Every structure is written in structure tokens, then in C-alpha cells.
Amino acid sequence: IEPQLATLEKDAPSGDDWLHEVKFDGYRMQAQVAGSEVRLLTRAGLDWTSKFDGPVTAALAGLKCREAVIDGEIIVLADSGVSSFALLQADLSARRGDRFVYYVFDLMRLNGEDLR
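Heads up, the sequence shown is in my numbering, so the first residue is 1 and it goes up one at a time.
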């Protein structure tokens with residue numbers, strides 16, 4: 001399933017009909033969950049599950065569903081609370097997974113039902 005990508009705008013629209021999300025500096029990942037099996041795929045479709053094996057995959061494997069497709073972004077937060085791509089890269093290189101956070105944008109499929 002193709003992820004819905006953000007669109008860069010000079011000014012954000014206002015009004016009750018609009019929702020806005022924070023722009024994170026991380027890796028966009030589609031989580032594919034089938035029972036306790038989890039795959040994390042990049043926007044290009046590469047399987048990066050092994051890069052993020054640990055708390056993120058364990059949490060996804062523990063979901064109470066038969067299957068799901070989830071769109072989100074894996075990040076590392078700096079002490080300031082802002083996502084840091086440099087820290088994410090450093091943690092990946094050091095094989096440190098305890099600071100990875102998977103921010104979910106969209107539940108695209110659940111138990112056989114397309115929710116898009």
C-alpha cells in the first residue's frame with residue numbers, strides 16, 4: 001500500500017476542517033503485521049525489519065489483531081523533545097534500539113478491511 005506523503009506548503013491552512021501533523025526527521029516505515037510476525041518496509045519497499053528489531057517490533061507483534069498495515073515514522077527524540085535524524089543514524093550504527101519511537105500516522109488495513 002502506497003503511503004500518503006505530506007505536501008510542502010508555504011502557509012498552513014486554518015479552520016476547523018484542517019488537521020496538521022508534526023514533521024518528523026526519521027524513516028517513514030510501513031509496518032505489516034500478521035499475527036506475531038512483523039515486517040517494517042521503507043517507502044521504496046525495502047525490508048528494514050532487522051534494523052529496528054527490538055522494542056518497536058515487539059510492540060507491533062503484541063497488537064491484538066490478525067493482521068494490520070500501519071503507516072508511520074521511526075524517530076529518535078533529542079533531549080529537547082524534537083526528532084533528530086543524526087541521533088537516529090547514530091543509534092542505527094551502534095545497533096541501539098532503546099530510543100526508537102514509532103509514530104503512527106495511519107491504520108491503513110485491519111483484519112482484512114481496507115481502511116483507506
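Here a beta-carbon is modelled for each residue, glycine too, at the ideal position from N, C-alpha and C.
Since the model is a prediction, treat every value here as computed from it, not as a measurement.
Within the stretch 25-73, the beta strand (DSSP E) runs of at least 3 residues that lie entirely inside it are, in chain order, 27-34 and 37-41.
Here V76 is not near L63, since their CB atoms are 8 Å or more apart. Beyond the five residues adjoining it in sequence on each side, T57 comes within less than 8 Å, by CB distance, of V38, L40 and T49 in the same chain, given in chain order.
Under a 10 Å Cβ-count criterion, L60 is classified as buried, with 16 or more other Cβ atoms of the shown protein chains found around its own Cβ. Pairing P55 with G81 gives a Cβ-Cβ distance that is not under 8 Å.
In the displayed model, S93 falls within a helix according to three-state DSSP.
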